[in-house]
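**Student:** Each residue of the sequence shown is one higher than the one before, counting from 0 in numbering that gives the first Met the number 0.
Glycine residues also receive a C-beta, built at the ideal position from the N, C-alpha and C atoms.
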Amino acid sequence: MPQEMLGMDALTLKDGKLFHDRKGRAKPLPAPLAPIADSHGHLTSFRRHDASIAICRAALAGVRLLVVPVDPVDEVPRKFPTAQALLSWLDEQVGRAAERLDECAEHGLLPPEFPGWDVPDLVDNVHIVAGAHPYGAAELTDEALVRLDVLLDSPRCVGVGEIGLDFGPYNELPADVQEAAFRAQLRIAHERDLPVELHIRDNPDDPHAQAHVLAARVLAEEGVPERGCDLHCFTQGPDVMAPFVELGCHVAFGGAMTFNRSDDIREAAALCPEERLLCETDAPYMAPVPLRGEECEPAMVAFTLARLAEVREAGGCARQSTYDACWRNALRLFSL
Numbered sequence: 000m001p002q003e004m005l006g007m008d009a010l011t012l013k014d015g016k017l018f019h020d021r022k023g024r025a026k027p028l029p030a031p032l033a034p035i036a037d038s039h040g041h042l043t044s045f046r047r048h049d050a051s052i053a054i055c056r057a058a059l060a061g062v063r064l065l066v067v068p069v070d071p072v073d074e075v076p077r078k079f080p081t082a083q084a085l086l087s088w089l090d091e092q093v094g095r096a097a098e099r100l101d102e103c104a105e106h107g108l109l110p111p112e113f114p115g116w117d118v119p120d121l122v123d124n125v126h127i128v129a130g131a132h133p134y135g136a137a138e139l140t141d142e143a144l145v146r147l148d149v150l151l152d153s154p155r156c157v158g159v160g161e162i163g164l165d166f167g168p169y170n171e172l173p174a175d176v177q178e179a180a181f182r183a184q185l186r187i188a189h190e191r192d193l194p195v196e197l198h199i200r201d202n203p204d205d206p207h208a209q210a211h212v213l214a215a216r217v218l219a220e221e222g223v224p225e226r227g228c229d230l231h232c233f234t235q236g237p238d239v240m241a242p243f244v245e246l247g248c249h250v251a252f253g254g255a256m257t258f259n260r261s262d263d264i265r266e267a268a269a270l271c272p273e274e275r276l277l278c279e280t281d282a283p284y285m286a287p288v289p290l291r292g293e294e295c296e297p298a299m300v301a302f303t304l305a306r307l308a309e310v311r312e313a314g315g316c317a318r319q320s321t322y323d324a325c326w327r328n329a330l331r332l333f334s335l
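1. Count the other CB atoms, across all protein chains shown, that sit within 10 Å of the CB of W116; report buried if there are 16 or more and exposed otherwise.
2. Who are D37's beta bridge partners in DSSP?
3. Quick check on the DSSP output: the beta strand (DSSP E) that includes D165 runs from which residue to which?
4. Please list the terminal residues of the continuous alpha helix (DSSP H) segment that includes C325.
5. In angstroms, rounded to a whole number, what distance separates the CA positions of H132 and P173?
6. Using 8 Å as the threshold, is the segment 191-201 in touch with the segment 252-272, meaning 3 or more CB pairs across them?
7. Rounding to the nearest angstrom, what Cα-Cα distance links G160 and A183 in this structure?
8. Which full runs of the alpha helix (DSSP H) of 4+ residues lie inside the segment 249-311, going along the chain?
9. Measure the alpha-carbon distance for L343 versus P71 and round it to whole angstroms.
10. Just the Cα atoms here: how many angstroms apart are E102 and C55?
11. Is C228 helix, strand or coil by DSSP?
12. In its own chain, which residues sit with a C-beta less than 8 Å from the C-beta of D281, not counting the 5 before and 5 after it?
13. How big is the Cα-Cα spacing for L270 and P224?
14. Would you kindly work out how many angstroms separate the C-alpha atoms of A97 and R155, rounded to a whole number?
15. Could you give the distance in angstroms between the alpha-carbon of T321 and the alpha-carbon of E142?
16. Roughly how many whole angstroms lie between the Cα atoms of D201 and E220?
17. Compare the beta carbon distance of E74 and V128 with 8 Å and say whether it is the shorter of the two.
18. Spell out a yes or no on whether the segment 21-38 and the segment 49-66 are touching, meaning 3 or more CB-CB pairs, one atom from each, closer than 8 Å.
19. State the DSSP-derived secondary structure class of E74, mapped to helix, strand or coil.
20. Does the Cβ of G107 have 16 or more other Cβ atoms within 10 Å, making it buried, or fewer, making it exposed?
21. Using a 10 Å radius around the Cβ and a threshold of 16 neighbouring Cβ atoms, would you call G15 buried or exposed?
22. Using only CA atoms, which one of A50, C228, P242 lies nearest to A208?
23. Could you check what DSSP says for V195 in three-state terms: helix, strand or coil?
24. Just list the residues that DSSP pairs R186 with in beta bridges.
25. Here's a check: name, in chain order, each residue in its chain whose Cβ is nearer than 7 Å to the Cβ of A329, leaving out the five neighbours to either side.
26. Among all the DSSP beta bridges, which residues are the ones paired with R200?
27. Rounded to the nearest angstrom, what separates K22 and T234 at their Cα positions?
28. Going by beta carbon distance, what residues of the same chain come within less than 8 Å of L307, once the five residues before and after it are set aside?
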């Protein structure tokens with residue numbers, strides 16, 4: 000394959016392999032047993048990747064659905080002058096990815112096929128969820144809510160998020176400020192009949208998981224939106240997961256589930272009801288093993304899903320069932 004193709008150094012295809020670790024060693028792509036959904040992958044936060052190339056690489060890895068979180072506080076106006084400018088930028092990235100995939104096809108490089116599945120191409124299945132992250136809870140002003148409305152009105156929009164509570168070391172906002180923004184956006188999801196993606200992080204020194212406890216209480220009081228709820232980037236054990244499953248939430252497992260010391264997350268993944276399973280990257284953060292230390296991208300969900308299927312297989316669930324469930328659950332949650 001010509002090196003100059005698409006400026007393909009960024010695709011790392013010089014040896015015909017999509018993935019390489021930090022030492023440059025090729026890592027074989029796990030064979031996708033079903034279409035793959037990355038239910039949460041940021042495209043505006045890359046430092047090393049081009050968003051259009053990331054979409055192209057994801058398609059080549061078997062990803063057929065990508066949900067991109069966008070934030071009316073963090074990204075507008077800090078990264079984009081207006082909400083519409085953000086949406087136009089995303090349209091442009093998807094368009095460029097389609098052109099890149101066409102050129103890849105001319106060189107015999109094609110996304111995997113899924114016989115028996117009626118699935119769209121990834122470039123026709125890139126969607127957004129929109130919401131103010133807990134870091135920006137204090138800035139959820141009337142002006143920010145107007146920007147949020149623009150994002151939620153987009154035909155790409157399939158939900159509200161990521162919203163929630165973050166009691167971790169990087170967020171100094173008081174719990175009551177975060178809770179108020181969380182409740183306000185939950186109510187918007189109810190009004191618009193949309194699902195929500197939750198960001199819930201506990202203080203690492205808190206053995207009682209207070210952010211999760213409060214989030215479950217807020218959901219019980221406000222009601223889980225009829226369209227559903229996704230506990231994004233779940234990094235806790237079964238006991239923390241259980242109240243959310245009882246409320247009817249989906250649980251999304253990301254790269255952290257593959258880390259060597261993540262036995263508690265894997266235990267939760269093994270016990271999560273099949274109809275509640277989701278898989279994600281949270282790109283550009285937390286690249287999965289064997290690519291840990293690299294900038295994460297949506298294509299890497301293939302490794303996380305393979306590990307998720309392996310973990311659940313040890314508990315008696317067929318790998319094919321895990322792949323099928325993660326795809327169908329994403330379609331159902333986002334009404335696609």
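**Tutor:** On the basis of the supplied data:
1. exposed
2. Bridge partners of D37: L65.
3. 156-165
4. 318-332
5. 14 Å
6. Touching, no, given that fewer than three Cβ pairs across the two stretches are closer than 8 Å.
7. The alpha-carbon separation between G160 and A183 amounts to approximately 12 Å.
8. Those alpha helix (DSSP H) runs which fall completely within the segment 249-311 and span 4+ residues are 262-270.
9. The requested residue 343 is not part of the displayed model; the chain covers only 0 to 335.
10. Those two C-alpha atoms are separated by around 11 Å.
11. In the structure shown, C228 sits in a strand (DSSP, three-state: E or B).
12. So the list reads H39, G40, H41, H231, C232, G253, G254, C295, once near-sequence residues are dropped.
13. 24 Å
14. 16 Å
15. 42 Å
16. Each residue's CA atom was taken as its position, placing D201 and E220 some 20 Å apart.
17. no
18. yes
19. coil
20. exposed
21. exposed
22. Ranking the options by Cα distance to A208, first place goes to P242.
23. strand
24. Per DSSP, none; premise fails for R186.
25. A36, S38, L64, L277
26. D165
27. 27 Å
28. F252, M256, A268, L276, C278, T321, C325
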